[in-house]
Amino acid sequence: MLCESVSVVFHSAATVKFDEPLKFSVSLNVLGTKSLVQLCQKMENLEAVVHVSTAYCNCDRTEVNESLYPPPADPEKILNYAEYLDEEILDTLTPSLIQNRPNTYTYTKALAEHVFVKLGKGLPAAIVRPSIVTAAWKEPLPGWVDNLNGPTGLLAGAGKGVLRTLLCYKDLVADLIPVDVAINALIAVAWHTAVSRPDNIVIYNCTSGKLNPIHWKDIQRYGQESILRVPFREIIWYPGGSFKSSHIVNDVCVSLFQIIPAYILDTVYRITGRKPIMVRIQKKFSKAIKALQFFTTHEWHFESNNIAKLYSKLSERDKELFNFNIKQVNWRKYMENYILGIKQFILKDDASSLQEAKNNLRKYYMIHKATQILFYIVMWRFLLMRSEKARQIWFSLWSITVRLLRLVPFISS
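Below you can see the structure in the form of structure tokens.
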């Protein structure tokens with residue numbers, strides 16, 4: 001029935017988990033693509049088949065054009081490995097197989113492109129490579145999001161007060177693509193593929209970095225502004241933290257401001273008869289963050305000529321209905337809606353709870369500041385006890401302060 005009635009196919013089925021075992025990732029991302037294309041070859045009325053890849057399947061390059069690059073390995077060989085080798089053996093071999101790619105996701109998506117191109121010869125086919133897919137720009141609602149992948153998890157963690165530090169080079173471009181922009185582009189690609197019937201498979205980089213860049217520091221600034229304006233109802237700590245450019249400094253801050261407080265909170269929870277959850281949350285969060293750090297510490301330049309040309313071919317009406325012009329996105333407004341979307345669709349915060357959330361935020365702000373003051377006092381006392389030089393500096397500063405105060409008439413009198 002599928003072979004007789006289907007005319008347009010969008011292949012977006014994949015595992016997007018970065019840390020997926022290679023055996024499973026190959027099975028879904030590579031073998032799944034192979035099976036899909038073989039099915040498409042049997043479709044009698046096929047007008048277009050669009051394969052959803054990722055802009056990061058060639059993340060071993062800094063300049064990524066809209067073209068097919070050599071595969072990281074022979075796809076058929078990797079398929080055989082996944083079928084016949086034990087999972088434990090394949091897990092052991094994974095680092096040597098994926099080499100300079102950061103995870104099994106980008107590796108298998110690169111293999112999948114080659115399977116699609118090789119088996120898709122003669123089909124009206126195209127490949128679309130979105131970058132970091134994030135909350136909706138306009139449709140179905142501004143800020144709509146249904147998962148915690150990528151920046152969504154970072155923003156949710158920061159808003160909850162769980163995330164206090166992140167290894168990130170803030171001046172790099174964060175290549176975000178709102179989910180509705182990506183979907184509109186997919187629809188337009190399918191239309192153009194069906195009407196133009198290109199001889200070769202065309203590749204479209206659906207990215208924002210070249211056309212309307214946003215940097216990680218912008219995400220931090222806009223996100224923090226919105227989080228403080230419309231805070232989450234239930235928070236663990238006052239939202240804050242910062243990006244770190246040093247691995248060592250970041251690791252120290254993770255221990256001081258995330259791991260140790262998690263153990264302290266869990267101890268309090270046990271004493272008060274509540275279930276300890278903070279250490280488990282932090283460990284899970286740390287694992288997810290480590291998988292993302294490759295993308296927050298590297299930058300890519302994606303060519304996007306094909307996607308720009310495609311938009312210019314749409315009628316004015318279609319440009320309104322299927323708008324994927326990333327140049328029109330106002331990132332500050334977008335981030336505001338993004339935070340609201342996380343509140344509404346992920347955390348299920350009711351709009352009527354905003355005043356309660358603001359009151360809660362003020363309470364945690366006072367606790368946060370009191371804790372900071374106490375921390376600095378303890379650290380200074382520790383230095384005074386341990387260091388003769390610190391004591392000398394302290395007494396010198398105190399002596400200078402007293403002398404200055406004596407110069408002020410109303411104080412000395």
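UniProt numbering numbers the first residue of the sequence shown as 1 and each following residue consecutively. All residues carry an ideal CB built from backbone N, CA and C; glycine is no exception.
>> Tell me which residues share the same chain as Glu-44 and place their Cβ nearer than 8 Å to its Cβ, disregarding the 5 neighbours each side in the sequence.
In response: Position 44 of the sequence shown, counting from 1, holds the residue named residue 44. Taking C-beta separations shorter than 8 Å and ignoring five residues to either side along the sequence, the partners of Glu-44 in its chain run Cys-3, Glu-4, following chain order.
> Can you list, in chain order, the stretches of the alpha helix (DSSP H) that have 4 or more residues and sit fully within the segment 136-173?
Replying inline: Listed in chain order, the alpha helix (DSSP H) elements of length 4 or more contained wholly in the segment 136-173 are 151-160.
> Is it the case that the Cβ atoms of Tyr-338 and Thr-62 are separated by a distance below 9 Å?
Replying inline: Your numbering for residue 338 matches position 338 in the sequence shown. Your numbering for residue 62 matches position 62 in the sequence shown. Annotated as distal: Tyr-338 and Thr-62, with beta-carbon spacing of 9 Å or more.
> Under three-state DSSP, which class holds Val-16?
Replying inline: Taking the sequence shown and counting its residues from 1, the one referred to as residue 16 is at position 16. Val-16: coil per DSSP, three-state reduction.
> Under three-state DSSP, which class holds Leu-2?
Replying inline: Numbered from 1 along the sequence shown, position 2 holds the residue referred to as residue 2. Helix, per DSSP.
>> Using CA atoms only, rank isn't needed, just tell me which of Asn-103, Leu-265, Val-230 is closest to Lys-23.
In response: Translated into the one-based positions of the sequence shown, residue 23 becomes position 23. Relative to Lys-23, the option among Asn-103, Leu-265, Val-230 whose CA is nearest is Asn-103.
> So which of Arg-332, Thr-207, Asp-199 has the shortest CA-CA distance to Gly-120?
Replying inline: Position 120 of the sequence shown, counting from 1, holds the residue named residue 120. It is Asp-199.
> Is the CB-CB distance between Leu-123 and Cys-40 below 9 Å?
Replying inline: On the sequence shown, residue 123 is found 123 positions in, with the first residue counted as 1. On the sequence shown, residue 40 is found 40 positions in, with the first residue counted as 1. Yes, the pair counts as a contact, with Cβ atoms nearer than the cut-off.
> In angstroms, rounded to a whole number, what distance separates the CA positions of residue 414 and Ala-194?
Replying inline: Nothing can be reported for residue 414, as the shown portion of the chain is limited to 1 through 413.
> Nearest to Phe-232 by CA position, among Ser-27, Ile-346, Lys-77, is which residue?
Replying inline: If you number the sequence shown from 1, residue 232 lands on position 232. Residue Ile-346 is the option with its Cα nearest to Phe-232.
> Considering only C-alpha positions, which residue in the set Ala-73, Leu-90, Ser-25, Ala-126 is nearest to His-51?
Replying inline: Residue numbering aside, residue 51 sits at position 51 when the sequence shown is read from its first letter. Nearest to His-51 by alpha-carbon distance, out of Ala-73, Leu-90, Ser-25, Ala-126, is Ala-126.
> Among Gln-344, Ser-352, Lys-118, Tyr-204, which one has its Cα closest to the Cα of Gly-143?
Replying inline: Here residue 143 refers to the residue found at position 143 of the sequence shown. The shortest C-alpha separation from Gly-143 is found at Gln-344.
> When you compare each of Met-335, Lys-369, Thr-165 to Phe-285 by their alpha carbons, which one comes out closest?
Replying inline: Along the sequence shown, read from residue 1 onward, the residue named residue 285 stands at position 285. Looking at the Cα atoms, Thr-165 is the closest of the given residues.
> So what does DSSP say about His-11, is it helix, strand or coil?
Replying inline: Translated into positions along the sequence shown, residue 11 becomes position 11. His-11 falls in the strand class under three-state DSSP.
> Does DSSP put His-298 in a helix, a strand or coil?
Replying inline: If you number the sequence shown from 1, residue 298 lands on position 298. Under the three-state reduction of DSSP output, His-298 falls in the coil class, being neither helix nor strand.
>> Applying the 10 Å Cβ sphere with the 16-neighbour rule, what's the burial state of Ser-399?
In response: By one-based count along the sequence shown, residue 399 stands at place 399. Exposed, by the Cβ-count rule.
>> Three or more C-beta pairs under 8 Å: does that hold for the segment 11-22 against the segment 30-38?
In response: Yes, the segment 11-22 touches the segment 30-38.
> Straight-line CA distance for Ile-373 to Ala-262?
Replying inline: Residue mapping note: residue 373 aligns to position 373 of the sequence shown, counting from 1. Residue mapping note: residue 262 aligns to position 262 of the sequence shown, counting from 1. Answer to the nearest angstrom: the Cα atoms are 20 Å apart.
>> Quick check on Val-26: does DSSP put it in helix, strand or coil?
In response: Within the sequence shown, the letter at position 26 stands for residue 26. When secondary structure is reduced to three states using DSSP, Val-26 falls in the helix class.
> What does a CB cutoff of less than 6 Å around Cys-59 pick up in its chain, not counting 5 residues either side in sequence?
Replying inline: Position 59 of the sequence shown, counted from the first residue, corresponds to residue 59. If we look at Cys-59 and ignore the five residues flanking it on each side, its Cβ neighbours are Thr-106.
> What does a CB cutoff of less than 8 Å around Arg-101 pick up in its chain, not counting 5 residues either side in sequence?
Replying inline: Working through the sequence shown from its first residue, we reach residue 101 at position 101. Cβ neighbours of Arg-101 beyond the five flanking positions: Cys-59, Asp-60, Pro-72, Tyr-107, Ala-110.
> Along the chain, where does the beta strand (DSSP E) that runs through Ala-126 open and close?
Replying inline: In the sequence shown, the residue the question calls residue 126 occupies position 126. Ala-126: member of the beta strand (DSSP E) spanning 125-130, first to last residue.
>> Let me make sure I understand the geometry here. Which of Gln-220, Leu-79, Val-268 has the alpha-carbon closest to that of Glu-336?
In response: Locating residue 336 in the sequence shown gives position 336, counting from the first residue. Ranking the options by Cα distance to Glu-336, first place goes to Gln-220.
> Can you check whether the CB of Ile-259 is closer than 9 Å to the CB of Val-162?
Replying inline: Along the sequence shown, one-based indexing puts residue 162 at 162. Along the sequence shown, one-based indexing puts residue 259 at 259. Val-162 places its beta carbon 9 Å or farther from that of Ile-259.
> Measuring CA to CA, which of Leu-211, Leu-340, Tyr-204 is closest to Tyr-56?
Replying inline: Numbered from 1 along the sequence shown, position 56 holds the residue referred to as residue 56. Measuring from the Cα of Tyr-56, the nearest candidate turns out to be Tyr-204.
> With a CB to CB cut of under 6 Å and the five nearest residues on each side skipped, what residues in its chain are close to Asn-325?
Replying inline: Here residue 325 refers to the residue found at position 325 when the sequence shown is read from its first residue. Tyr-311, listed in sequence order.
> So who's on the other strand from Ser-226, going by DSSP bridges?
Replying inline: Taking the first residue of the sequence shown as position 1, residue 226 is located at position 226. Ser-226 pairs with nothing; no bridge assigned.
>> I'd like the span of the alpha helix (DSSP H) that includes Asn-250, first residue to last.
In response: In the sequence shown, residue 250 corresponds to position 250, counting from 1. Element bounds for Asn-250: 247-254.
> In the structure shown, what three-state DSSP assignment does Thr-207 receive?
Replying inline: Within the sequence shown, the letter at position 207 stands for residue 207. In the three-state reduction of the DSSP assignment, Thr-207 falls in the coil class, being assigned neither a helical nor a strand state.
> By Cβ distance, which residues of its chain are closer than 7 Å to Glu-20, with the 5 residues on each side in sequence left out?
Replying inline: What you label residue 20 is simply residue 20 of the sequence shown in a count that begins at 1. Contacts found: Thr-104, Tyr-105.
> Cα separation between Ala-112 and Ile-271?
Replying inline: Counting from one through the sequence shown, the residue named residue 112 turns up at place 112. Counting from one through the sequence shown, the residue named residue 271 turns up at place 271. Taking the straight line from one Cα to the other gives about 52 Å.
>> In chain order, what are the residue ranges of uninterrupted alpha helix (DSSP H) at least 4 long that sit wholly in the segment 281-329?
In response: Here the runs fully enclosed are 305-312, 316-321.
>> Is Ser-53 close to the ligand COA? I mean its beta-carbon at under 8 Å from any heavy atom of the ligand.
In response: Of ligands this structure carries none, so the ligand COA is not represented either.
> By Cβ distance below 8 Å, which residues in the same chain neighbour His-301 in space, the five residues on each side in sequence not counted?
Replying inline: Translated into the one-based positions of the sequence shown, residue 301 becomes position 301. Within the same chain, Cβ atoms closer than 8 Å to the Cβ of His-301 are found at Thr-62, Glu-63, Val-64, Gly-209, Lys-210, the five residues on either side in sequence being excluded.
> Thr-371 by DSSP, collapsed to three states: which one?
Replying inline: Along the sequence shown, one-based indexing puts residue 371 at 371. Three-state DSSP puts Thr-371 in a helix.
>> For Gln-38, count the other beta carbons within 10 Å of its own beta carbon; 16 or more makes it buried, fewer makes it exposed. Which is it?
In response: Position 38 of the sequence shown, counting from 1, holds the residue named residue 38. An exposed status is given to Gln-38, since fewer than 16 other beta-carbon atoms sit within 10 Å of its beta-carbon.
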